[in-house]
Amino acid sequence: MSTRTAHLDITGMSCANCSATVGDAVASLDGVSRADANYATDEASVEYDPERTSLAAIYEAIEDAGYGAVSETVTVAITDMSCANCADANRDAIEAVDGVIEADVNYATDEARVRYNPADTSLSALYDAVEDAGYSPVREDGSGDGGGDGGEGADGTGGDGSDESARDAARNAEIRRQRRLTLFGAALSAPLLFFMIDALLLGGAVVPDRVFGVGIHWVAFALATPVQVVLGRPFYRNSYTALVTNGRANMDVLIALGSTTAYVYSVAVLLDLVAGSVYFDTAALILVFITLGNYLEARSKGRAGEALRKLLEMEADTATLVDEDGDEEEVPLDEVAVGDRMKVRPGERVPTDGVVVEGQSAVDESMVTGESVPVEKTEGDEVVGSTVNENGLLVVEATKVGADTALQQIVRTVKEAQSRQPDIQNLADRISAYFVPAVIANALLWGVVWFLFPETLAAFVDRLPLWGQVAGGPAPVGGGVSVFEFAVVVFASSVLIACPCALGLATPAATMVGTTIGARNGVLFKGGDVLERTKDVDTVVFDKTGTLTRGEMELTDVVAVGEVPDGGAVVESGSEAAASEDAATGDSTATAEEEVLRLAASAERGSEHPLARAVVDGGEARGLDLSDPESFENVPGHGVRATVDGDEVLVGNRKLLRDAGIDPEPAAETMERLEREGKTAMLVARVPAGADGGELLGVVADADTVKPSAAEAVSQLRERGVDVMLITGDNERTARAVAERVGIDPGNVRAEVLPEDKSDAVETIQDEGRKAMMVGDGVNDAPALAVAYVGTAIGSGTDVAIEAADVTLMRDDPLDVVKAIRVSDATLRKIKQNLVWALGYNTAMIPLASLGLLQPALAAGAMAFSSVSVLTNSLLFRRYDPDRDYALLGFLRR
Numbered sequence: 001m002s003t004r005t006a007h008l009d010i011t012g013m014s015c016a017n018c019s020a021t022v023g024d025a026v027a028s029l030d031g032v033s034r035a036d037a038n039y040a041t042d043e044a045s046v047e048y049d050p051e052r053t054s055l056a057a058i059y060e061a062i063e064d065a066g067y068g069a070v071s072e073t074v075t076v077a078i079t080d081m082s083c084a085n086c087a088d089a090n091r092d093a094i095e096a097v098d099g100v101i102e103a104d105v106n107y108a109t110d111e112a113r114v115r116y117n118p119a120d121t122s123l124s125a126l127y128d129a130v131e132d133a134g135y136s137p138v139r140e141d142g143s144g145d146g147g148g149d150g151g152e153g154a155d156g157t158g159g160d161g162s163d164e165s166a167r168d169a170a171r172n173a174e175i176r177r178q179r180r181l182t183l184f185g186a187a188l189s190a191p192l193l194f195f196m197i198d199a200l201l202l203g204g205a206v207v208p209d210r211v212f213g214v215g216i217h218w219v220a221f222a223l224a225t226p227v228q229v230v231l232g233r234p235f236y237r238n239s240y241t242a243l244v245t246n247g248r249a250n251m252d253v254l255i256a257l258g259s260t261t262a263y264v265y266s267v268a269v270l271l272d273l274v275a276g277s278v279y280f281d282t283a284a285l286i287l288v289f290i291t292l293g294n295y296l297e298a299r300s301k302g303r304a305g306e307a308l309r310k311l312l313e314m315e316a317d318t319a320t321l322v323d324e325d326g327d328e329e330e331v332p333l334d335e336v337a338v339g340d341r342m343k344v345r346p347g348e349r350v351p352t353d354g355v356v357v358e359g360q361s362a363v364d365e366s367m368v369t370g371e372s373v374p375v376e377k378t379e380g381d382e383v384v385g386s387t388v389n390e391n392g393l394l395v396v397e398a399t400k401v402g403a404d405t406a407l408q409q410i411v412r413t414v415k416e417a418q419s420r421q422p423d424i425q426n427l428a429d430r431i432s433a434y435f436v437p438a439v440i441a442n443a444l445l446w447g448v449v450w451f452l453f454p455e456t457l458a459a460f461v462d463r464l465p466l467w468g469q470v471a472g473g474p475a476p477v478g479g480g481v482s483v484f485e486f487a488v489v490v491f492a493s494s495v496l497i498a499c500p501c502a503l504g505l506a507t508p509a510a511t512m513v514g515t516t517i518g519a520r521n522g523v524l525f526k527g528g529d530v531l532e533r534t535k536d537v538d539t540v541v542f543d544k545t546g547t548l549t550r551g552e553m554e555l556t557d558v559v560a561v562g563e564v565p566d567g568g569a570v571v572e573s574g575s576e577a578a579a580s581e582d583a584a585t586g587d588s589t590a591t592a593e594e595e596v597l598r599l600a601a602s603a604e605r606g607s608e609h610p611l612a613r614a615v616v617d618g619g620e621a622r623g624l625d626l627s628d629p630e631s632f633e634n635v636p637g638h639g640v641r642a643t644v645d646g647d648e649v650l651v652g653n654r655k656l657l658r659d660a661g662i663d664p665e666p667a668a669e670t671m672e673r674l675e676r677e678g679k680t681a682m683l684v685a686r687v688p689a690g691a692d693g694g695e696l697l698g699v700v701a702d703a704d705t706v707k708p709s710a711a712e713a714v715s716q717l718r719e720r721g722v723d724v725m726l727i728t729g730d731n732e733r734t735a736r737a738v739a740e741r742v743g744i745d746p747g748n749v750r751a752e753v754l755p756e757d758k759s760d761a762v763e764t765i766q767d768e769g770r771k772a773m774m775v776g777d778g779v780n781d782a783p784a785l786a787v788a789y790v791g792t793a794i795g796s797g798t799d800v801a802i803e804a805a806d807v808t809l810m811r812d813d814p815l816d817v818v819k820a821i822r823v824s825d826a827t828l829r830k831i832k833q834n835l836v837w838a839l840g841y842n843t844a845m846i847p848l849a850s851l852g853l854l855q856p857a858l859a860a861g862a863m864a865f866s867s868v869s870v871l872t873n874s875l876l877f878r879r880y881d882p883d884r885d886y887a888l889l890g891f892l893r894r
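The sequence shown runs 1 to 894 under UniProt numbering.
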């Protein structure tokens, strides 16, 4: 039994019991023979059998135990990959390195995203693994071995600070290399193509038998041989690597087999070793067509990633710093630190994420959120780096710099999404893994069958347009071709026509474009698997506060019990109505209200809850003299209990008061009326020091306005056939009032749900067989987001990386939930189009080639065209607009 030893740096341990917990959690895994954790050094050593468990499982066990293990994630771009099998070979080679936790290799982007344990391996070891597998990475300094054929490597990045210039240089160099090879091959193959046309269509009437005294076949040999050597070299080298080093056949093997078969057979004919015709034109054109396809493919891949590169190009290069004396200094962006103040003039880009500390302006945030209307910004508002200041002078204090900015997080999230494959891609990869060996076996079978039973098979093929009738003897008969020659042609054509390139590109190419479209519209998918799942959502569960509502509570009502009759006028705190009421009542009612509000606001000063902050802000706005609570206790889901001026004050719901022995009934009608209005009403009570019981003082109420687009979002979801639900910790009446405003069925409301119970509520919904998307603010909704079929965090563009969510919506707009589902739906349709084309192409063409109805050079051209067509179809998807195009699709479906 081979074992490995992993050395892990553990985070979160605070005592010896923690280290014991970590050790026990890891030791419980099947395949772990020893697990020791040391609290003093924050390290762990694990000995395990890699055939029975994995490093990823060990990390997961540590995280499930409530701790963390240090890891790093890098992006390594790789050249010389020609199909999905190459991506699989690289993934296997990287995952074989000790210390690698997981690796995803994407053939469409020519990148590998690797998570590894820095204590056991290094970035250099990952590069070495790629090179040992026969491919070319670009190291951190941008260098690469170029694959031995003038090809430059691709990108390798450390952490998330990717070297985009090295990546682009490598990609552009690969495009130039493929273009040079294509032009070289085309120049030498043009005469050969003319020879082929003359022989097939003109009966050899134009091309003479000898040129300058040299036989035309020797001229063809002289032209085809350099093409075979120069253009064929990378295919031969990669075939050797695939078969010998990696133990699997890939697309290069098929190309090398087809081209070499035609070339070697032609040389044998030229040397009179066998009878037949020469196919030097076919051998050369195969390589030229494939190389042309590679060139077009490389260009298409570059164009597919343009959106992200353009996004990065929008980043400001410099920032104007302002010191305390008002002096200004222009510095490079990488010198800006958190806390620095920056002056942003009209027309300039905001250098980095921050908060406005001075000035007022409108900021164009379309490049981050997809929202075309500029957003008004004033003191205290957050701004996103790289957005454009429209018309006013702003002074911004930097809050996030470097890799922590929203722009960098967007790019990182999209790249991670492109590296995580959807399940449909796994199916395509499994097909591709078996496809090449099956193709070779099929080609051999039909080559042998045609050789052994030519007359029988010819009976099914009445006419062979390119070759004439197959004769029954070894030599040409009646103008036809020999049986052996025809068997060779069938073998070469069958091998060439079936390359699985298009199949390997079908999913990642569309996924790459789809995730970029999402980012452009303010929707970030954490992975291709998430992008795939989102379209299947049949139930959307909205949190209320901050999701369907603005999440900015305001104090609206203060009612003193016994002073304002139930059903009478409700005095709004801080309003003109309050002032009029004060004058009309000689301050008697106002005094009672102010005392209710003063005590409530003083008690809530110890809380950070939005409801509490609204009460405190309301008290301060009325100029009340608030006290600091002498003690404070938060009662989750019920309210707060605090000592104010020596007395115990309670602010919360009915249960909080009942538990304290205080009857809430005198305020029952007032509470019900306020709750019917969609307001959150809170009872206020006081227990005097030394008293046996307490007294109900009154009611304070907050309101959170519904977002303008909430009702439209619910309407569009229901029109799509998606069931919409509301889940909230608020009371039943308030929840139903909000549900009624936005169009949610009252039966789909779950109210008074504690934060820790939201995940259970979502699981209960999913136990009914539903595929639920939970939409919340990503903070107290984190457990529910994690258990949902698709967890969606809705929030501002300055905090886009919420770990618990599968999807992050950059804007505070419920309509973006609909947009996320539409982008997912459109992307999966595009993937299926690509797969239908790729599989349909092979399904149709393989029988044609097997029956001898396809010339090898045409087979090679068709194969190259299939890959380019899949990429082109995916690139056309870049113009997709989830609002405009979805409406058009809906019309066409009707």
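Positions of the beta carbon are idealized from the N, C-alpha and C atoms, including for glycine.
Under the rule that 16 or more other beta-carbon atoms within 10 Å means buried, what is residue i, buried or exposed?
| i | result |
| --- | --- |
| Y434 | exposed |
| P137 | buried |
| P346 | exposed |
| N172 | exposed |
| L452 | exposed |
| F289 | buried |
| I197 | exposed |
| A612 | buried |
| P856 | buried |
Roughly how many angstroms separate the alpha carbons of residue i and residue j, rounded to a whole number?
| i | j | result |
| --- | --- | --- |
| D799 | T545 | Because the pLDDT at D799 is just 46, under 50, the model does not fix this residue reliably, and the value given afterwards should be weighed accordingly. Cα-Cα distance, rounded: 18 Å. |
| D88 | A96 | 12 Å |
| D364 | R622 | 36 Å |
| V411 | G527 | 13 Å |
| E593 | L624 | 11 Å |
| D883 | A751 | 32 Å |
| L858 | I286 | 8 Å |
| E382 | L29 | 46 Å |
| C18 | Y39 | 7 Å |
| R180 | V495 | 26 Å |
| V448 | F195 | 29 Å |
| A112 | A93 | 11 Å |
| L854 | F221 | 23 Å |
| L754 | T728 | 8 Å |
| N294 | R233 | 14 Å |
| F877 | R829 | 10 Å |
| V483 | W450 | 7 Å |
| E376 | G392 | 10 Å |
By alpha-carbon positions, which one of the options ends up nearest to residue i?
| i | options | result |
| --- | --- | --- |
| L254 | N653, L183, Y240 | Y240 |
| E47 | Y67, E604, S866, A6 | A6 |
| N389 | Y59, T764, S361 | S361 |
| I101 | V714, V615, R533, S71 | S71 |
| A782 | N731, K771, E768, D806 | D806 |
| I10 | D36, S2, V32, G31 | D36 |
| V436 | V76, G385, S82 | S82 |
What span of residues does the beta strand (DSSP E) with residue i cover, start to end?
| i | result |
| --- | --- |
| N106 | 100 to 106 |
| F453 | Unbroken run through F453: none, as it is neither H nor E. |
| V46 | 43 to 48 |
| T556 | 554 to 560 |
Determine, using beta-carbon pairs with one atom in the segment 707 to 725 and one in the segment 660 to 673, whether at least three such pairs fall under 8 Å.
No, they do not touch.
With a cut-off of 8 Å, do at least 3 Cβ pairs link the segment 508 to 516 to the segment 805 to 813?
No: the two stretches stay apart, fewer than three of their Cβ pairs being nearer than 8 Å.
Mind the definition here: the segment 518 to 538 touches the segment 840 to 853 only if three or more C-beta pairs lie below 8 Å; say whether that holds.
The segment 518 to 538 and the segment 840 to 853 do not touch, with fewer than 3 CB-CB distances between them shorter than 8 Å.
Does the segment 716 to 726 come close enough to the segment 739 to 749 to have 3 or more Cβ pairs within less than 8 Å?
The segment 716 to 726 vs the segment 739 to 749: in contact.
Is the segment 644 to 658 touching the segment 692 to 700 in the sense that three or more CB pairs, one from each, lie closer than 8 Å?
A contact exists between the segment 692 to 700 and the segment 644 to 658.
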